[in-house]
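Student: In numbering that gives the first Met the number 0, the protein residues as written are 0 to 503.
Cβ coordinates follow ideal geometry from the N, Cα and C atoms, glycine included.
Computed from a predicted model, the values in this text were never measured in an experiment.
Can you read through this structure? Questions will come right after.
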Amino acid sequence: MQSTLSEQEIIRREKLGELRALGIDPYPAPLFEITHTANEIKSGYSEETKEQYKEISLAGRIMSRRDMGKANFAVLQDASGTIQIYIKRDEICPGEDKTLFDTVWKKLLDLGDIIGIKGYGFITKTGETSIHVESFTLLTKALHPLPSVKEKDGEVFNEVTDLEFKYRQRYADLIVNPNVRDTFTRITKMKNAIRTFLNERGGLEVDTPVLQSIPGGALARPFITHHNALDIPLYLRIANELYLKRLIVGGFPWVYEFSRNFRNEGMDRTHNPEFTILEFYVAYKDYLWMMNTTEQMLEETAIATNGSAITNVDGVEISFKAPYKRISIYDAIKEHTGHDISQMDEAGIREVCKQLHIEVDATMGKGKLIDEIFGGKCEKHYVQPTFIIDYPVEMSPLTKKHREKEGLVERFELIINGKEIANAYSELNDPIEQRERFEDQLKNMERGDDEAMFIDNDFLRALEYGMPPTAGIGIGIERLAMLLTGNVSIQDVLFFPQMRPENV
RNA sequence: GGUUCUGUAGCUCAGCUGGUAGAGCAAAUGACUCUUAAUCAUUGGGUCCAGGGUUCGAAUCCCUGCGGGACCA
0 MQSTLSEQEI
10 IRREKLGELR
20 ALGIDPYPAP
30 LFEITHTANE
40 IKSGYSEETK
50 EQYKEISLAG
60 RIMSRRDMGK
70 ANFAVLQDAS
80 GTIQIYIKRD
90 EICPGEDKTL
100 FDTVWKKLLD
110 LGDIIGIKGY
120 GFITKTGETS
130 IHVESFTLLT
140 KALHPLPSVK
150 EKDGEVFNEV
160 TDLEFKYRQR
170 YADLIVNPNV
180 RDTFTRITKM
190 KNAIRTFLNE
200 RGGLEVDTPV
210 LQSIPGGALA
220 RPFITHHNAL
230 DIPLYLRIAN
240 ELYLKRLIVG
250 GFPWVYEFSR
260 NFRNEGMDRT
270 HNPEFTILEF
280 YVAYKDYLWM
290 MNTTEQMLEE
300 TAIATNGSAI
310 TNVDGVEISF
320 KAPYKRISIY
330 DAIKEHTGHD
340 ISQMDEAGIR
350 EVCKQLHIEV
360 DATMGKGKLI
370 DEIFGGKCEK
380 HYVQPTFIID
390 YPVEMSPLTK
400 KHREKEGLVE
410 RFELIINGKE
420 IANAYSELND
430 PIEQRERFED
440 QLKNMERGDD
450 EAMFIDNDFL
460 RALEYGMPPT
470 AGIGIGIERL
480 AMLLTGNVSI
490 QDVLFFPQMR
500 PENV
């Protein structure tokens, strides 16, 4: 923390003492009764309804003040928005003693302070719905000055744009940037819409371990920690897939979890070390059913979030309206590179990578090579929601073999705006084959692939009890949130994005 | 990890080719009983990210480090 206080901070601290000397507690305990919100009053008040606004009580933060001498205007901001208030000296202080107005209101209160007011609604000469203040109560004194943002006719002046400030002091960002508050409330709406969709169809929301002794279910580098009492290493989960499948084995027909996952990898505009994947698993379904369900869910979610299936990101219009285009990964590669790799072996594909100037190394197996080609040359072309389907078996260790196409698995990824949003399969439920796939992963690990999967024997035991045919999916919640709120950086859809610690 | 841009008052930013800092908002003091980026007058406020170097002299040029952004592996 800062050791030296600014001039303004010192002045505000001095005001605390002056308030207390006047018998005013700057941090009072009693609740403050609220009858209306700023937005309700602004949208509801009129000549006809004015009777309902004769006794208003609301609380908020002072955002600006216009001092006219014996009468003041101020703008109060609560959770719903802002409203102008009007306060007159001779009404607040009808007697001889004008301290409450001249000293407390005018001198000891500052921008950023939280107050409660009682009064009645009215419309000013210039036509702005306002509250005529009859009494006010200091509810919280602010000691840190707020950035002085101003706004007129939708144009914002002195807007706080410094990203470091916004991310490190999100609380202040939320106070002064209404659009940031809006982004986050829409993200919550989005998640609620997903929950509603899943709950209505019989989904059961569950919680599974974040601390895992085998970090399974995905290909990624985990964070490692240590449990003292058990004296064992534990990993923060990179995925919850294997646990949700255990629950399907246990007999739940449809389970889902918003899984906060942790991956110890690079950070950029689309990666934060902790992030959320919604995973859900449904018994007796396959990946074709899952595609239909996914596009329905996303269309409904987009409408619930924004009132429209169309969203705009960085000047690009994206339609979440179902159905979405479906194309196999081999066809996608053929379309965008001209190479038909569907019949090639690892050496042939490696040669194609070379021709396409894709950097590869010896640790990469066939699956990884194909992934590199698709990621490097194809993915970016799919702007509108597109299902890429039927992946090669080598890159999908948890996926059931394709019902008719040799060497492929029943898997799809959903690409939107050139980014992977979801990944889904008909889940592999043959325990013997699953063990073989894990063993293949082990070979990749020996080859130097530090993202290969570990063998999870307990999961295999669960599969041996019999897991019904199951379709499963993981959806990147932040990425979906970015699309639906029109943000291009993951930091703008996380309240507190990971940052280097400040000031050590 | 590489390349590049960036860091000046509480906030937004200016500061040309080197001459030890400026504006608006915010703050303080005063005026004003319907203002709305309120207005008017006066005043205060700075480790120019940090540390080195070049120079008579560095916010400015150079190096290193730290923080942040963008692009790339």
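Taking only three categories from DSSP, how would you classify Leu235?
Tutor: Correct three-state label for Leu235: strand.
Student: Helix, strand or coil, according to DSSP, for Val209 in the structure here?
Tutor: Val209 falls in the coil class under three-state DSSP.
Student: Can you tell which of Glu158, Pro144 and Thr184 has the C-alpha that lies nearest to the C-alpha of Glu150?
Tutor: Nearest C-alpha to Glu150: Glu158.
Student: Near Ala192, what residues of its chain come up, given a Cβ to Cβ distance below 7 angstroms and the 5 sequence neighbours on each side ignored?
Tutor: Same-chain partners within the cutoff: Glu299, Thr300, Ala303 and Thr304.
Student: Would you decide whether Arg19 is buried or exposed? Buried here means 16 or more other CB atoms lie within 10 Å of its CB.
Tutor: Counting Cβ neighbours within 10 Å, Arg19 comes out exposed, since fewer than 16 surround it.
Student: DSSP beta-bridge partners for Gly59?
Tutor: The partner list for Gly59 (beta bridge, DSSP) reads Ile114.
Student: Got a sec? Which residues, its chain only, sit under 6 angstroms from Phe135 by beta carbon, not counting five neighbours each side?
Tutor: So the list reads Ile114 and Ile116, once near-sequence residues are dropped.
Student: Secondary structure at Gly406, three-state DSSP: helix, strand or coil?
Tutor: Here Gly406 sits in coil by DSSP.
Student: Put Tyr85 into one of helix, strand or coil per three-state DSSP.
Tutor: Three-state DSSP puts Tyr85 in a strand.
Student: When the Cα of Ala217 is compared with those of Glu240, Asp206 and Val209, which residue comes out closest?
Tutor: For the residues Glu240, Asp206 and Val209, the minimum Cα distance to Ala217 belongs to Glu240.
Student: Evaluate Leu137 with the Cβ neighbour count: other Cβ atoms within 10 Å of its Cβ, from every protein chain shown; 16 or more gives buried, anything less gives exposed.
Tutor: By the neighbour-count rule (16 or more Cβ atoms within 10 Å), Leu137 is buried.
Student: Could you check how far apart the C-beta atoms of Asn422 and Gly473 are, in whole angstroms? I think they sit under 8 angstroms.
Tutor: With a Cβ gap of about 5 angstroms, Asn422 and Gly473 count as contacting.
Student: To which residues of the same chain is Glu17 closer than 7 angstroms at the C-beta, ignoring the five residues directly before and after it?
Tutor: Contacts found: Leu107.
Student: Should Phe495 be labelled buried (16 or more other beta-carbon atoms within 10 Å of its own) or exposed?
Tutor: Exposed, because fewer than 16 other Cβ atoms sit within 10 Å of the Cβ of Phe495.
Student: Starting from Phe373, follow the beta strand (DSSP E) in both directions and report where the run begins and ends.
Tutor: No beta strand (DSSP E) holds Phe373; DSSP gives it neither H nor E.
Student: Label Asp230 either buried or exposed according to how many other C-beta atoms from any shown protein chain fall within 10 Å of its C-beta, with 16 as the threshold for buried.
Tutor: Exposed, by the Cβ-count rule.
Student: Any idea which residues DSSP pairs Arg64 with across the strands?
Tutor: Paired residue(s): Ala73.
Student: Mind checking whether Ala504 and Ser425 have CB atoms under 8 angstroms apart?
Tutor: This structure gives no information on residue 504, because the portion of the chain shown stretches from 0 to 503.
Student: Are there three or more Cβ pairs, one per stretch, closer than 8 angstroms when the stretch 354-362 is compared with the stretch 383-394?
Tutor: No, the stretch 354-362 does not touch the stretch 383-394.
Student: Inspect the beta-carbon positions of Asp37 and Ile82 and report whether they are closer than 8 angstroms.
Tutor: Inspection of the sequence shows that residue 37 is occupied by Ala rather than by Asp. Taking 8 angstroms as the Cβ cut-off, Ala37 and Ile82 qualify as a contacting pair.
Student: What did DSSP end up calling Glu163 once you bin it into helix, strand or coil?
Tutor: It is helical.
Student: What residues in its chain sit with their C-beta under 6 angstroms from that of Glu294, if we drop five residues either side in the sequence?
Tutor: The answer, listed in chain order, is Ala321, Pro322 and Tyr323.
Student: Check whether the Cβ atoms of Arg236 and Asn271 lie closer than 8 angstroms to each other.
Tutor: No, these two residues do not count as a Cβ contact at 8 angstroms.
Student: In this structure, how does DSSP classify Ala219 when only helix, strand and coil are distinguished?
Tutor: Ala219 falls in the coil class under three-state DSSP.
Student: Could you tell me whether the stretch 473-485 touches the stretch 142-156, where touching means 3 or more Cβ pairs closer than 8 angstroms?
Tutor: Contact fails: fewer than three Cβ-Cβ distances are below 8 angstroms.
Student: Which partner residues of Ala301 appear in the DSSP bridge assignment?
Tutor: DSSP output for Ala301 lists no bridge partner at all.
Student: Determine the DSSP secondary structure at Asn416, reduced to helix, strand or coil.
Tutor: The answer is coil: DSSP assigns Asn416 none of H, G, I, E or B.
Student: For a test of the three-state rule: what should DSSP assign to Thr128, helix, strand or coil?
Tutor: Here Thr128 sits in strand by DSSP.
Student: Near Cys377, what residues of its chain come up, given a Cβ to Cβ distance below 7 angstroms and the 5 sequence neighbours on each side ignored?
Tutor: Only Ala331, Ile332 and His335 meet the Cβ criterion.
Student: First and last residue of the beta strand (DSSP E) that includes Thr310?
Tutor: Ile309 to Val312 is the span of the beta strand (DSSP E), which, as asked, contains Thr310.
Student: Beta-carbon within less than 7 angstroms of Gln1's beta-carbon, same chain only, minus the 5 sequence neighbours each way: which residues are those?
Tutor: A caution first: Gln1 carries a pLDDT of 40, below 50, which makes its placement in the model too unreliable to give a value.
Student: Are the stretch 428-438 and the stretch 346-355 touching, with three or more C-beta to C-beta distances below 8 angstroms?
Tutor: At 8 angstroms Cβ cutoff, the stretches do not touch.
Student: In this structure, does DSSP put Asn227 in helix, strand or coil?
Tutor: The answer is coil: DSSP assigns Asn227 none of H, G, I, E or B.
Student: Tell me, please, which residues DSSP counts as bridged to Thr391.
Tutor: The question names Thr, yet the displayed sequence has Pro at residue 391. Partner(s): Leu407.
Student: With C-beta atoms as the reference, is Ala238 less than 8 angstroms away from Ser212?
Tutor: Taking 8 angstroms as the Cβ cut-off, Ala238 and Ser212 do not qualify as a contacting pair.
Student: Indicate the three-state DSSP secondary structure (helix, strand or coil) for Gly265 in the structure shown.
Tutor: In the structure shown, Gly265 sits in coil (DSSP, three-state: anything other than H, G, I, E or B).
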